[in-house]
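First up is the structure itself, then whatever we jot down about it.
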Amino acid sequence: MDLTSLTVHELSGLLQKREVSSVEAAQAYLNRIASLNARLGAYITVTADEAIEAAKEADKRLLSGASSPLTGVPVSVKDIFCTAGVKTTCASKILERFIPVYDAAVVARLKDAGAVILGKNNMDEFAMGSSTENSAFFPARNPWDLQRVPGGSSGGSASAVAADLSAASVGTDTGGSIRQPASCCGVVGLKPTYGRVSRYGMIAFASSLDQAGPITKDVTDAAIMLKAIAGFDPLDSTSVDLSVPDFPCLLSGGVKGLRLGIPKEYFIEGMDSQVSASVNDALDCLKKEGALIVPITLPHTEYAVSVYYLLATAEASSNLARFDGVKYGLRVGAANLIDMYKKSRAAGFGAEVKRRIMLGTYALSAGYYDAYYKKASEVRALIKRDFDEAFKVCDVIATPTCPTPAFKLGEKTQDPLTMYLSDIFTISCNLAGIPGISMPCGFTKGKLPIGLQLLGRPFDEATILRAAYTFERTAGIGKEKPAL
Amino acid sequence: MPITTKDVMRVADLARLDVNEADAVLYASQLQKILGHVEKLSEVDTLGADDKTAKTAGTRPLREDKAVKGLSQDDALKNAPERSDGCIKVPQIIE
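Protein chains in written order, with the numbering used here: chain P, 3 to 486; chain X, 138 to 232.
Rendered as C-alpha cells:
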C-alpha cells in the first residue's frame, strides 16, 4: 500500500489500529520528497532526522493510547511559521540563515497533537505573490502541469499536498494565499475567521488580514487540522476567546434548506468558461441536495483589489521595518547605521517585497494618507457591510475561487498589476475577516483543477465545512491524483 | 498626478531602501500604474463609513500587568549578526 496517497483520517485509522507505524509513514513521505522535490520545489527545508525522531515518539504515544487524530501523521508547514532550531526563511534572502528559538503557536499545537513535521514549504517571499515565483530560492511547480504555477503564496504547501509529499500542510492567507493555491492544485484550502487561529510566531505581512489555515487532501482533513490549530492564545491579542467546535463531528447533516448566496459580481465577463461551467455544475449538485439558491449582491466587490493593495502594503511597510540587519537576519556592513539599514534591506529583499514596501510607504506618507490609506479603510468597512447584509438572506456564499485555472510560470511576472488581479475573488473575504474554503469542483479539458469557494459568517467554519463535505461526497470529486 | 523618480527616491529614503537611478525609473512607472488602478476608490461615497479596521467578534483584552519570563540573553543573541560583550553590536550611531 502506498501510505503517501492516504488522507490524514485514512492514515490515522491505520496508525490507531497499529497496522502501520508512524516511522513507516514518515519514511514513505521522506522517500517521496527525495524523489520528487527537485521537480516540484515544494519544500525549502526538509527535516528528515527530526521527523523520524518525532515519528518514534508518536509511535510510543500511539501504543500508550494517549493519541489524537494527528498523532504520527506526517505534515508540513509553510516556511513562514517559526520552528525552534529549524531554519525559517519566509522564502527571503534576508532570513536565509535565521534559526528561531521558539515555535509558532500553530507549530506547537501540531506537535502537541503528535503530528510529525516533515519540513518547511516553499512560498512567495514574505507571502507576497500569487504564484510562488517570488520565492528567493526557487519557484514551486504545479503537480498537474510542471510548466504551470501552483498558485501562491502558499504554493509549496498546495503542491506538496497535491503531490502526496505531505499528508496535510498549514499555510497562511492574507488575500487568498491558502485558497488560490488550493484551487490551482486541486486540493482543499481553508482560511479560518480572523482571530480563530493564533498568529504568534507567524512572520507578519499584513496583520489585520493574515490568518493561518490548513491545506488538505479532503474536507474531513481540513476539519481535523482546523480543530488542532484553532483556539485562543494569550500571546496573540487578536485571537478570539471562543470555544473551538468539534469540526470533524459537524460535517454530516447535509445542506437541506441551506441558503446558498450567489453574488452576481463574481460571475463576470472574462472569466474562463470552463471555470464558470464547473462552478455552476457544483451549485446544481448542492441544489439537488436541498440547498436553496439565493441571488445576492456584494456591490463593492470591484474595489476590493484596490483596497487590499493599499492596506496590505501599508501594513507590510510597517511590519517589515523590523528587518534592518540589527538583531537578526542579513546584515550588509556600512559606516553608519542608516546606510547599514538601507544596504541590508536592499540586498535582502526581492523585487516584489521592495515594490510593496515602497507602495505602502507612499500610501502612508504625509499628504497621501487621507487619499489612500484612510479612504481604503473606509471602503473596507463598506465591503464588510456588504457581507453583513448578504448573510441576512443567505447562510453560505458560493463563488469560483479564481477566474482562471493555474497559469504558466513567467506569464504574469512582468506586470505586477495582472498578478494582483488573479486574487480578485479571494481578497474580499480577508477584508471582511470571514472564513472561506476552496475545494476542487472539476477539471478543465487540459486537466487543470478548478476550485469552488464557499464563504461563511464569522466563526461559522462549521457550516462551510458541512456544505463542502456534502458536495465532496455527492459529486465524488477530489480522488484523482496528478501523474508524476 | 505623475510619480517622478524624485518621489521614488524620497519614499525609498523613508522606507530605508537603497534604490539606484535605474530601479527608481522602473518603480516610478510601476507605482504609477498601480496607483492609477486604485484611483477608482475616489468614486466610492464613503460618507459615514468607519475607517477603523473592520471589526470581528470578540474582545481584545489587555493581559494582566504581570512580568513573564522572556527569552534568555543567550537565545536573544543567537541570531544577531554581530555580538560584543553580551550585546548586539551596530555601527557607530553618535559622532
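Yeah, the Cβ is synthetic: ideal placement off N, Cα and C, and Gly gets one too.
Identify the residues that DSSP records as bridge partners of residue i: which are they?
i	result
Cys224 of chain X	X:Ser221
Thr85 of chain P	P:Val88
Ile399 of chain P	P:Gly263 and P:Leu457
Val48 of chain P	P:Gly121
Ala170 of chain P	P:Thr218
Asp147 of chain P	P:Asn144
Phe445 of chain P	P:Pro451
Ile298 of chain P	P:Pro265
Pro76 of chain P	P:Val118
On the CB-based measure, 16 or more other CB atoms within 10 Å of its CB, does residue i come out buried or exposed?
i	result
Gly178 of chain P	buried
Thr420 of chain P	exposed
Ile230 of chain X	exposed
Gln149 of chain P	exposed
Ser254 of chain P	exposed
Leu65 of chain P	exposed
Leu32 of chain P	buried
Tyr374 of chain P	buried
Thr472 of chain P	buried
Val307 of chain P	buried
Asn136 of chain P	buried
Ser431 of chain P	The sequence shown places Cys at residue 431 of chain P, not Ser. Buried, because 16 or more other Cβ atoms sit within 10 Å of the Cβ of Cys431 of chain P.
Lys356 of chain P	buried
Gln167 of chain X	buried
Arg324 of chain P	exposed
Asn338 of chain P	exposed
Asn39 of chain P	buried
Arg20 of chain P	exposed
Val162 of chain X	exposed
Lys414 of chain P	buried
Cys224 of chain X	exposed
Lys2 of chain P	The structure shown has nothing for residue 2 of chain P, since chain P only spans 3 to 486.
Taking C-beta pairs closer than 8 Å, name the residues in chain P that residue i reaches, listed in chain order.
i	result
Asp202 of chain X	In chain order: nothing, as chain P lies at least about 13 Å away.
Ala159 of chain X	Within 8 Å Cβ-Cβ: nothing; Ala159 of chain X doesn't reach chain P, min ~13 Å.
Taking only beta-carbon atoms, is residue i less than 8 Å away from chain X?
i	result
Tyr45 of chain P	no
Ser308 of chain P	yes
Lys193 of chain P	no
Gly410 of chain P	In the sequence under discussion, the amino acid at residue 410 of chain P is Lys, which differs from the Gly named in the question. For Lys410 of chain P, the answer is no, since every Cβ of chain X falls outside 8 Å of its Cβ.
Gly327 of chain P	yes
Thr403 of chain P	no
Thr6 of chain P	no
Phe100 of chain P	yes
Val103 of chain P	yes
Met360 of chain P	yes
Tyr371 of chain P	no
Lys122 of chain P	no
Ser200 of chain P	no
Lys356 of chain P	yes
Met130 of chain P	no
Give a yes or no on whether 8 Å exceeds the smallest Cβ distance from residue i to chain P.
i	result
Pro139 of chain X	no
Thr142 of chain X	no
Lys206 of chain X	no
Asp222 of chain X	no
Gln169 of chain X	no
Val162 of chain X	no
Thr193 of chain X	Confidence at Thr193 of chain X is low in this model, with a pLDDT of 47, below 50, so the placement of that residue should be treated as unreliable; the coordinate-derived value is given next. Interface residue, yes.
Residue i touches chain X at which residues, Cβ-Cβ below 9 Å?
i	result
Pro297 of chain P	Ordered by position in chain X, no residue passes the 9 Å Cβ test against Pro297 of chain P, which lies about 23 Å from the chain.
Thr363 of chain P	Val148, Ala149, Leu151, Ala152 and Leu154
Lys345 of chain P	Asp155
List the residues of chain P that residue i touches, going by C-beta distances under 9 Å, in chain order.
i	result
Gln229 of chain X	Ala337, Asn338 and Leu339
Gln210 of chain X	None at all; the shortest Cβ gap to chain P is about 12 Å.
Val181 of chain X	His302, Tyr305, Lys377, Glu380, Val381 and Leu384
Residues of chain X with CB under 7 Å from residue i, in chain order?
i	result
Ser367 of chain P	Val148 and Leu151
Pro76 of chain P	Chain X residues near Pro76 of chain P: none, gap ~28 Å exceeds 7 Å.
Lys394 of chain P	None at all; the shortest Cβ gap to chain X is about 16 Å.
Ser319 of chain P	Ala152
Pro236 of chain P	Arg200
Tyr330 of chain P	Asn216 and Ala217
Please list, in chain order, the chain X residues whose beta carbon lies closer than 8 Å to that of residue i.
i	result
Arg333 of chain P	Pro218 and Glu219
Ala348 of chain P	Leu154, Asp155 and Val156
Next on the checklist: So, does the segment 401-419 of chain P touch the segment 446-463 of chain P, judging by three or more C-beta pairs under 8 Å?
Outcome noted: yes
Checklist entry - Counting Cβ pairs, one atom from each stretch, are 3 or more of them under 8 Å apart for the segment 121-136 of chain P and the segment 73-81 of chain P? => result yes
Next on the checklist: Could you check whether the segment 339-346 of chain P touches the segment 321-329 of chain P, counting it as contact only if at least three pairs of C-beta atoms, one from each stretch, sit closer than 8 Å?
Outcome noted: yes
Next on the checklist: Counting beta carbon pairs with one atom in the segment 246-253 of chain P and one in the segment 216-232 of chain P, are three or more of them shorter than 8 Å?
Outcome noted: yes
Item to check | Segment contact flag, the segment 172-192 of chain P with the segment 440-447 of chain P, C-beta cutoff 8 Å, min 3 pairs | outcome: yes
Next on the checklist: If contact is defined by three or more beta carbon pairs under 8 Å, each pair taking one atom from either stretch, is the segment 138-147 of chain P in contact with the segment 200-211 of chain P?
Outcome noted: no
Checklist entry - Pairing CB atoms from the segment 165-174 of chain P with CB atoms from the segment 272-280 of chain P, are three or more of them under 8 Å? => result no
Checklist entry - Can you find at least 3 beta carbon pairs, one from the segment 65-74 of chain P and one from the segment 82-99 of chain P, that sit closer than 8 Å? => result no
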